[in-house]
Every structure is written in C-alpha cells, then in structure tokens.
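**Q** Starting off with a structure, shown below.
Protein chains: 2
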Amino acid sequence: MDLHGAFHVYDTTLRDGAQQEGLNLSVADKLAIARQLDGLGVGFIEGGWPGANPKDTEFFRRAAQELDLRHARLTAFGSTRRAGVRAADDPQVAALRDSGAPVVTLVAKSHDRHVELALRTTLEENLAMVRDTVGHLRAEGQQVFLDAEHFFDGYRANRDYALEVLRTAHEAGAEVVALCDTNGGMLPGWISDVVHDVIETAGVRVGIHAHNDSGCAVANSLAAIDAGATHVQGCINGYGERTGNADLVTVVANLELKLDRAVLPAGLLQESTRIAHAVAEVTNVPPASRQPYVGASAFAHKAGLHASAIKVDPDLYQHTQPERVGNDMRLLVSDMAGRASIELKGRELGFDLGSDKELLARVTDRVKALEATGFTFEAADASFELLLEEMVSGQRPSYFEVESWRVITETLDRRSAGEEAVSEATVKIVAQGQRHVVTGEGNGPVNALDQALRTAIGQAFPAVVKFELIDYKVRILDQGHGTDAITRVLIETTDGESSWVTVGVGHNVIEASWGALVDALTFGLRRQGA
Amino acid sequence: MDLHGAFHVYDTTLRDGAQQEGLNLSVADKLAIARQLDGLGVGFIEGGWPGANPKDTEFFRRAAQELDLRHARLTAFGSTRRAGVRAADDPQVAALRDSGAPVVTLVAKSHDRHVELALRTTLEENLAMVRDTVGHLRAEGQQVFLDAEHFFDGYRANRDYALEVLRTAHEAGAEVVALCDTNGGMLPGWISDVVHDVIETAGVRVGIHAHNDSGCAVANSLAAIDAGATHVQGCINGYGERTGNADLVTVVANLELKLDRAVLPAGLLQESTRIAHAVAEVTNVPPASRQPYVGASAFAHKAGLHASAIKVDPDLYQHTQPERVGNDMRLLVSDMAGRASIELKGRELGFDLGSDKELLARVTDRVKALEATGFTFEAADASFELLLEEMVSGQRPSYFEVESWRVITETLDRRSAGEEAVSEATVKIVAQGQRHVVTGEGNGPVNALDQALRTAIGQAFPAVVKFELIDYKVRILDQGHGTDAITRVLIETTDGESSWVTVGVGHNVIEASWGALVDALTFGLRRQGA
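These protein sequence lines are chains A and B, in that order. Residue numbers for the first sequence follow full-length UniProt numbering, so the first one is 1 and each next one is one higher. Residue numbers for the second sequence follow full-length UniProt numbering, so the first one is 1 and each next one is one higher.
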C-alpha cells in the first residue's frame, strides 16, 4: 500500500485536545494552531463541533475565509442524529453539513450499555442513526469518518453489536471507522487482537483513537497500525482530557524514523520541535521538558563519563538523530563534567577551547569550583557563556558597577486587616560614569529589586526596558540546614525574541537572586551588542 | 510462578532518576524518598553509586544507620572492575562491597562497540571483568544483579556477544540480568522478540530497564514482562535522564489492575498517589497533572454531557477505579481533593470526619478553596491538622497574635569588598498578654524572621528554643509570570524528636514563608501541649 498517499495522520487538538483541564482556546488561538498543524503536514485537522457552541461555529466560519491549508483537510466533529428524527431534519446534523468543512467525523456509540444509558434509545435505533446520518452527509457531498466511541470496552461487552455498528457505518459510506479507546485503559496486546479481528470480520478501513490512561497511548496507536489500521488520531503535545490523547508527534516520529513509514510530506517532520513549542506558546501550557523527541531534555546528556565517546560517535548515545525532528543534542554541564564535555559545550556556544589545553583546564577547574559552592550551569547557559567570555578574554563583560542595594519587606499593622506584605528596594549603581540611585516597589523582594535595577540601568541602556523576567526558580541546597542553607536561584529573561537563563547562589536567597538578575541584564546587554 | 514472592519491583529513582536535568537530591532528600518508596512496597531501592561521589557514599553510610526498611532491600549501583586489575583490588568494587547494601547491581557493557570505544578494552577482558566482579561480590555474600547496558542496540549489532555477556554474569552468580534500553529507542514488538530469544537461548532470569525516548517505556516494560521478564526497573514519576525512565507506578498499576499480577504487598498500591506527590515535593519537580493513574487530572472529567450517566455507573467512564491507586474521580474543574481522600487523611491524623457528613463537606470545600489559591496539603500534614482542628473546634489553635513584621536585606557598600548581604527582621507580637518587639539577624530574610519570631515567642513559651527549621522549599506556581507569580513555601521543623511540615502561600515569597513559619511554631506548641 502507498502509505504516503493512503495513510491518514489526523489531528484532534482543537476538539479532543481542548478537553484538557485548564486549556481554553479562543477562536484566534484555534486558527493559529491550525496553521501550525498544517505546517507539520497532518492530513486532517478536526476543528471542533460546529453548532455545539458559538466558539466552534465561529471557528468554522472564519476558517473557511482565513485558513489557506496546504496539506490538511478541515474536519468538523459532531454526533449522529438524535433518536426519532430524520438526519436531514436534525439541526445538529445541519450544522455539520453547513460548516464548510469537506470532512465530517461522526461520533457514534458502539457499546451497547452506553446506547441504553447515555442515549436512552434502542440498539436498533442507534444503528439507524448511524446509517441515516452517514448516508445523508455522504449524499450532500462530504467525506465521512466514524468515531466508534468506547469501542474496545463495547467489543468486550458485546462484540457482535460493536462490529455491527462498524459495518453499518461502512455500508452507509463512512470511509474510515476510528476505534476509540475512550476511557484509555487498553494495553497494546489487546488493541492488536481487536484490530486484527475487526479488519478480518467487518472488512472496514480502521483508524485508532487512543488515550493515555494506562501510559500506553503511543504504543496502543502503533499496535493498531501494526495490525492494519491506516488512520491515526492524536493531539500535538499529547493534550487531552485526563491523561491526554496519544501525542501525535511521537506517534508520527516513531512511524517515520523507526518503522520507515513516510506518513508526513517529505521534510516536514523536522519542523516538529519548532511547531510543538509554537503550539505550546498559544495554549500557554508549559512544554514538558521530558517529552519524547521534541522536549528540551529529549537529547540532553549529563556527559561526564561518556563525553569522550560521544565526541567519537554521538549515535552510540542517542536513539535517533535529533536534527530529524528539529531538536538538538545538548551536553549538560553538571558536577560530573569533565574537560571533554566542557569543550563540547563551549563549541556549542561558539568558543573554541579545544585548541588551548591550558585554558580548557582552567575553565574546567573554575566550573568545578563554582559547582562545589552550589552553582549549576546545566540550565544556565547564559551564565556559563559569561563565564567563558571572562576566562577567554580575561575580563567579565560588565556594563554597570553595583555600589550597594537594600530591600525591605513588611506588613502594615495586622490590626488594620486585609493588608498584604509589600516590598521596596533601593539600588545604587554606576553606569557609563553616571551614578544612579533608584527605588522600586514590588509584590516581592526580587520583583522590587528587578524593578529598581532595570530602571537604574535603563537610564544608560534603554534596551533593558524590553527585558522581562519570565521565570524564577528557587532551590535550597544542603537540605537539613533549613534557612541557613545555600540557595540557588535560576532566572529566565526574555527580550521578546528569545530567552536566556542565569544562575545565582548564596546563603541569602535575596543575594542569590541579585546575582542571577545582574547576570541576566549583563547577558541581555551583551547580546544586544551594547 | 508465585509472582508475589518472585517478581522484582526495582526502583532506581535515587540513581538513574537523579540523572534528570535540573534534579539535584541531597542526602536528606534521598533518605526521605527511600522511606516513601519503602512505603509503596517496592522490593529494591537502588540508592546510588557508593564511592563515585561523596554524596552517595554518605547516603549509604546514613541509610545503614537511619533507614528502617520494611519491604525493600537497599541496593548499591556500581560498575564492573577496571580492565587489568583484580576485582578484589579495585577500590570502586570495594566501595560496593563495603556499602552495607545487601544487594549490588553491576552495570556492564554488552554492546561490542561500547566496550571498544568507551571502555577501551577487548571483548574478552570485558567478559572477565563481568565474571570476576560478580564472582567476588557473591563470594563476599552480596546478592548481585547485572544491568546490561545498551543491551538492545548491542543485540542488534552483535547478538552472540551480547548473549555471552549475560551468560557470563549468570554463571558467575548474578541472579538477574536486566536488559537495558539505555538509549530508549525501542518499540514493544522488538523488546518482546529479544526477551523471548534471550530467555530461550541464554537461560537467564531477565529484568527490563526501559527509557521513554520513543514514548513507549511503560509498554516496553510490559512487553518484556509478557515475554517472561520477572524483574522491572523504573522511577517514580518517570524521572530520569532525557525523556525519563519507565514510570514505575504506571507499570505496577497496569500489572496489578489490568493483568491481575500482585507485584506489591497487598493494600499498598492505593498509597501510590499520595507517595508520588510526596516524592514530588521532595524533588521540587512539579507533578504532571496528566500523569497516568496518580495525576491530578487522571480521573478528572469535564462532566457536562455524561454527568447523569456517570452518576448511574461511573465505571462506564473510567478505565479503573481511582480509589485503587488512592486517587479520586473529579467531576468539576479546579478542585484537587475529594471527600474520600480528606476523610481518609483526617482519619490518619486522628479526626473522625466520616460520622459527620456536613462537617466533611465543609472541610472539603475549605480545602478546595485553599488549593485553588495555591495551597497544597499533600506534604504539609501539620498545616492540614491545624486546619482540621480549626474546622472541628471552630477555632484555629493560636498561642500568639502577630501585630506586624518587617525584614530588611542589604549589602554594605561594595567598595568595602568581601561583604555578604545581611538580613535583619523585626517582629511585633503579643503572647500571654505581653507585647514583645524583637529584632533578629540572619543570613537570609526568612532566617532572620525565624530568629526574631522564635526569640519573641520563647519569652512566653520556652519550648520553642528546641525547635529548628530543617528544610525550606519554595515553588513558584503559575510559571510564566516571573517574580509576579504565586509562591508556595514548605517548611519542615523539628523539635529534636520528630519533624513536621507546614505550608504558606502568597504573591510575596517572604509573606508565604511567614505563614508557614507561624504554622510551624503553632503546630509545635500544640504538640508540646502548650
């Protein structure tokens, strides 16, 4: 079979993915995500349920006008007709018909008990609902898929009826019947057995729709495909209700890179890291660093022992080449770091340390000494780059001199109730020969220091106005010493285009934060070429 | 086979899990996690690599004295001897022998090219290293397992040699050879084929060690077990390098609940949600809400359509009963706790909430409201107990009234070099009718507040002199808002005999810390019967 032409990669991020707790997509969000999905080359984008809510109706209206899809066909999701009415007379079916989407995916019950309990109708009427609705939409010129809800549970409970639902849809003109593990509890061996039986017995084209409740959504999808399914549904970044749907990028990367099945248009898989992160920006769900293939940590190695071997043959230490999904190998500079990994890390940042053995030894010693006091450069590339710059040039990049700083946090008298604590910081610095004394306020001490420092420096370097602190992490080292311990702070800063991470360490959490703040502004100014 | 007796559930959180980017565990962290793992009933806890770094050596020293394991055997991880020396003369092997751990897991190369490239020795010498090291430790009375590193890649490259490594270990006395998918790129069908072949050809007892790089770590583990493996390695919460190791709780829950294999002591699986979250508090890695079985969203339904059907038969809408893993079904968004778990937790703390439904409902509502603002009571039992006491008696235990507090952190003029930042706090409180105004100093703002508050209260309640703050954790909620986010602080306090954890929340990290400090002293005084 020509898989490139025939195999369906079907994305349901905009419908089933949006069921995720805490995920709320506006119409503009959905349009933006649809464009990204099309850029990945998926074959179908399920946009929502027109008629079920005004947002989805509006999405299909705007999609018809604004979306210029190169690869994907827009798909409307909806239900079979209500019991006891004609499909042509059911307003919910009309909304699907009139959505402008060339494809409709109809959800139907295939588990006998759900027909009785949730639909409150007879098994016969449910079959008629499938037959009529599929037939009506086919007659109106739409391509129709069927989502057989709770299929695997239904198959266990009443195999004959579950298969009958599939056959009915197929005979009425549904091109694919997607078997849904709606509750997500299946395991790969079970999926495989059922898909084999369905294809052999019912003679239909099978799709798979898996959820991750048993942690096997990806493997379940692959098991179904191995058993003959030629249509796979999933969501980018594994979004979805409860534990999420099958992560479509992981499924597709496994198919392309491990099973040699070209299911996306050529060259597009390498867009997947960029696209997965771009979609995460729209959904505002922080990307999981441990996500397979596209996660920030997916190809990150705590080098140490193996660094020299990695230099000789990186493929011995990675399951695939990160470039194939648009990701990068990263070497983490950790307390196990040796010279080889620091040399490699330096090269990544544009410093050639390999040609100067003495310098490399000094950098390695310095990193080890700093790590012994609590620093980590694993995440803090920007602080590491400043350190390298200092060791190579003999001077740390510096745009301002700190004279002193102070921050006060206090509550007003508690008897005047309802007051929150407030923080106020004063910093005294010298920049470009000018002394600046600035006070800033904030809802926390670091917030106040950040305000004051950026205002002070901004008088000499207006670029810092654009800088924004977007993440702040505190880690207490040396547990067992309470507040008398070493504190490590990681700060992520953005200039609106890219972001960088800096680190600060100290007995005092405020001092550690200050160190990371100073590095953050210094790195940002250096990058701006200040 | 009697699986309950024979099957090995092997946790490597403290060794391989600790390889995760950004995860740094102190010795006290590792001891705390080991206690939790033992509470889950795993059979083996791999504690680290004694001799490889001072922290792991210290862990094994303290574990021998402080850990009183009921279910698990402590396991030391290390390498086969160096090339060209006797195992008995290798200091790395000596550290394993002298670790006090009854079990040693030796990592060995089983991929020919890794032997040549990373070990830089011959294939024959590698076999001798396996034979000698296993034999030596067995002769010294330790139980020995072998981790066959890069096994699946090695099997593809040179099947005969990979099998020879296993046979050699087995003949020298290794009880289990764990096949490691070190690079994590395998798929279930491949794992199944190789495990079948290994068991048939080499006649060894097989374990499985899977990583999640293809998103199939859980399915790969199950595939190996289905093919005959009787030892499974993984990490709680799926921690680990790159994309993580197999999530041990998901694997075990699938085995127990879906495959009817009792691999944990009876009754302990239902502790898994609590334990997974308690470990996350220690690692300070935010728990993934979409985590199978134990995630906050794992049994959360956007009810809507199905609400009435769910009420009739919830099992139609969930793949297993959440109580079996100690989790709860949730029908509404944004509430973290259900009544059942609050009733259970109350019982644990000596409050019978089950007999008063109205009280239980009020406590549940209050917990939900507090959790919505950022509180968590999963780890902070002491704050939860104060809350219960307040709800049951109508009054929060209180030994002092806070009038106001203030803390100043500052650096002296940097031109007088070498000075660290200092913090100074002033608190004004009323205890037993007496007003106390006390100033304390510290090397951080919370340390200064703690000093001042304890001095002030100590004048009325001398018992607090014994109290010591032994751990302090900060988590920024609402990632993506920088320093302008909600902060949650957890504080652990000891009176020299036992310790307790309290929680505070606020926009201002100092205010959140203050809330946790006040709870900590209040709880301690209550326990002393003040």
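Even glycine gets a Cβ: it sits at the ideal position worked out from N, Cα and C. Bear in mind the structure is a predicted one, so any value in this text is a computation, not a measurement.
Would A/Lys-345 be called buried (16 or more neighbouring beta carbons within 10 Å of its own) or exposed?
**A** Numbered from 1 along the first sequence, position 345 holds the residue referred to as residue 345 of chain A. So A/Lys-345 counts as buried.
**Q** Let me check one thing: in DSSP terms, what residues is A/Arg-488 bridge-paired to?
**A** By 1-based counting over the first sequence, the position of residue 488 of chain A is 488. In the DSSP output, where bridge partners are listed per residue, A/Arg-488 has A/Arg-475, A/Val-505.
**Q** Going along the chain, which residues of the stretch 507-519 of chain A sit with their C-beta nearer than 8 Å to a C-beta in chain B?
**A** His-507, Asn-508, Val-509, Ile-510, Glu-511, Trp-514
**Q** Say whether the stretch 387-403 of chain A touches the stretch 500-509 of chain A, bearing in mind that this needs 3 or more beta-carbon pairs closer than 8 Å, one atom from each stretch.
**A** As far as the Cβ criterion goes, the stretch 387-403 of chain A does not touch the stretch 500-509 of chain A, which means the pair count is below three.
**Q** Determine, using beta carbons only, whether B/Phe-299 comes closer than 8 Å to chain A.
**A** Here residue 299 of chain B is taken as the residue at index 299 of the second sequence, counted from 1. Yes, B/Phe-299 counts as interfacial toward chain A.
**Q** Return helix, strand or coil for A/Val-405, following the three-state DSSP convention.
**A** Position 405 of the first sequence holds residue 405 of chain A. In the sequence as presented, Val is not what sits at residue 405 of chain A; that position holds Trp. Note: A/Trp-405 maps to strand in three-state DSSP.
**Q** Starting from the Cα of B/Gln-451, find the closest Cα among B/Leu-412, B/Val-407, B/Val-430 and give me that residue.
**A** Looking up residue 451 of chain B in the second sequence gives position 451. If we check each option's Cα against that of B/Gln-451, B/Val-407 comes out closest.
**Q** At 4 residues or longer, and completely inside the stretch 117-141 of chain A: list those alpha helix (DSSP H) runs for me, N to C.
**A** Look at the stretch 117-141 of chain A and you find these whole runs of alpha helix (DSSP H), each 4 residues long or longer: 123-139.
**Q** With a threshold of 16 other CB atoms inside 10 Å of the CB of residue 533 of chain A, please say whether the residue is buried or exposed.
**A** Within the shown structure, residues of chain A are numbered from 1 to 530, placing residue 533 of chain A beyond reach of any answer.
**Q** Can you find a CB in chain B that lies within less than 8 Å of the CB of A/Val-279?
**A** On the first sequence, residue 279 of chain A is found 279 positions in, with the first residue counted as 1. It does not: the Cβ of A/Val-279 has no partner Cβ on chain B nearer than 8 Å.
**Q** From B/Gln-291 to B/Gly-41, what does the alpha carbon distance come to, in whole angstroms?
**A** Within the second sequence, the letter at position 291 stands for residue 291 of chain B. Within the second sequence, the letter at position 41 stands for residue 41 of chain B. If I take the Cα positions, the gap works out to 20 Å.
**Q** Decide if A/Lys-109 is buried, meaning its Cβ has at least 16 other Cβ atoms within 10 Å, or exposed.
**A** The sequence position of residue 109 of chain A within the first sequence is 109, counting from 1. Buried, by the Cβ-count rule.
**Q** Step through the CB atoms of chain A and report whether any lies within less than 8 Å of the CB of B/Ser-355.
**A** Here residue 355 of chain B is taken as the residue at index 355 of the second sequence, counted from 1. Cβ-Cβ to chain A under 8 Å: no for B/Ser-355.
**Q** Can you tell me the Cα-Cα spacing of B/Val-134 and B/Ala-174, whole angstroms?
**A** Start at 1 with the first residue of the second sequence, and residue 134 of chain B comes out as number 134. Start at 1 with the first residue of the second sequence, and residue 174 of chain B comes out as number 174. Taking the straight line joining both Cα atoms gives about 6 Å.
**Q** So B/Val-407 contacts chain A; which residues on that side make the cut at Cβ distance below 8 Å?
**A** Along the second sequence, read from residue 1 onward, the residue named residue 407 of chain B stands at position 407. Near B/Val-407 (Cβ distances below 8 Å), the residues of chain A are Ile-408, Thr-409, Glu-410.
**Q** With a threshold of 8 Å between beta-carbons, can A/Thr-522 be considered close to chain B, or not?
**A** As a first step, residue 522 of chain A must be located in the first sequence, where it is residue number 522. Output row for A/Thr-522: interface = no.
**Q** By a C-beta neighbour count over all protein chains shown, 10 Å radius and 16 as the cutoff for buried, is B/Gln-233 buried or exposed?
**A** For the purposes of this step, residue 233 of chain B is taken as the residue at position 233 of the second sequence. Classification for B/Gln-233: buried.
**Q** Starting from B/Asn-220, follow its DSSP beta bridges and name the residues at the other end.
**A** Taking the first residue of the second sequence as 1, we reach residue 220 of chain B at position 220. According to DSSP, which records beta bridges pairwise, B/Asn-220 is partnered with nothing at all.
**Q** Are any of the Cβ atoms in chain A nearer than 8 Å to that of B/Val-333?
**A** Counting from one through the second sequence, the residue named residue 333 of chain B turns up at place 333. Note that B/Val-333 has pLDDT 30, beneath the 50 cutoff, so the model's placement of it is unreliable and the number below is only indicative. Using a Cβ-Cβ cut-off of 8 Å, B/Val-333 counts as an interface residue toward chain A, since at least one Cβ of chain A sits closer than that to its own.
**Q** Report the three-state DSSP secondary structure of A/Gln-233 (helix, strand or coil).
**A** Along the first sequence, one-based indexing puts residue 233 of chain A at 233. Looking at A/Gln-233 - three-state DSSP - the assignment turns out to be strand.
**Q** Could one say the Cβ of A/Asp-313 lies closer than 8 Å to chain B's Cβ atoms, at least one of them?
**A** Sequence index remark: in the first sequence, residue 313 of chain A carries index 313 (1-based). Output row for A/Asp-313: interface = yes.
**Q** What does A/Asp-226 touch in chain B if you count any residue whose Cβ is under 8 Å from its own?
**A** For the purposes of this step, residue 226 of chain A is taken as the residue at position 226 of the first sequence. Within 8 Å Cβ-Cβ: Gly-189.
**Q** Give, in chain order, every residue of the stretch 431-460 of chain B whose Cβ lies closer than 8 Å to some Cβ of chain A.
**A** Gly-442, Asn-443, Gly-444, Pro-445, Val-446, Asn-447, Asp-450
**Q** Around the C-beta of B/Ser-498, are 16 or more other C-beta atoms found within 10 angstroms, so that it is buried, or is it exposed?
**A** The residue you call residue 498 of chain B lines up with position 498 of the second sequence. Exposed is the call here.
**Q** Using a Cβ cut-off of 7 Å, which residues of the stretch 88-119 of chain B contact any Cβ in chain A, in chain order?
**A** Arg-113, His-114, Leu-117, Ala-118
**Q** Beta-carbon of A/Ala-83 versus every beta-carbon of chain B: anything under 8 Å?
**A** Position 83 of the first sequence holds residue 83 of chain A. So, not an interface residue.
**Q** Let's see if you can read the secondary structure: which residues bound the beta strand (DSSP E) around B/Ser-355?
**A** The sequence position of residue 355 of chain B within the second sequence is 355, counting from 1. Where B/Ser-355 is concerned, there is no enclosing beta strand (DSSP E), given that its DSSP letter is neither H nor E.
**Q** Short of 8 Å Cβ to Cβ, which residues in the stretch 1-34 of chain A face chain B?
**A** Gln-19, Gln-20, Glu-21, Gly-22
**Q** Under a CB-based cut-off of 8 Å, is B/Ala-421 close to chain A?
**A** By 1-based counting over the second sequence, the position of residue 421 of chain B is 421. For B/Ala-421, the answer is yes, since a Cβ of chain A falls inside 8 Å of its Cβ.
**Q** Should residue 531 of chain B be flagged as near chain A, meaning a C-beta pair shorter than 8 Å?
**A** Nothing in the structure corresponds to residue 531 of chain B, since chain B is present only between 1 and 530.
**Q** Can you name, in chain order, every residue of its own chain whose Cβ lies under 8 Å from the Cβ of A/Val-363, other than the five neighbours on each side?
**A** As a position in the first sequence, residue 363 of chain A is number 363, starting the count at 1. Ile-342, Gly-346, Leu-353, Leu-387, Leu-388, Met-391.
**Q** Can we say the stretch 238-256 of chain B touches the stretch 9-19 of chain B, given the rule of at least three CB pairs closer than 8 Å?
**A** yes
**Q** Mind pulling the chain A residues with CB within less than 8 Å of B/Pro-397?
**A** Position 397 of the second sequence holds residue 397 of chain B. By Cβ distance, chain A contributes nothing, its closest Cβ being about 18 Å from B/Pro-397, past 8 Å.
**Q** Please give the ranges of any alpha helix (DSSP H) in the stretch 2-30 of chain A, keeping only runs that are unbroken, at least 4 residues long and fully inside the region.
**A** Taking only runs of at least 4 residues, the alpha helix (DSSP H) segments lying wholly in the stretch 2-30 of chain A are 3-6.
**Q** Could you tell me whether the stretch 274-285 of chain A touches the stretch 45-65 of chain A, using the rule of 3 or more Cβ pairs below 8 Å?
**A** no
**Q** For the alpha helix (DSSP H) that B/Gln-434 lies in, which residues bound it at each end?
**A** Along the second sequence, one-based indexing puts residue 434 of chain B at 434. Unbroken run through B/Gln-434 is the beta strand (DSSP E), 434-442; no alpha helix (DSSP H).
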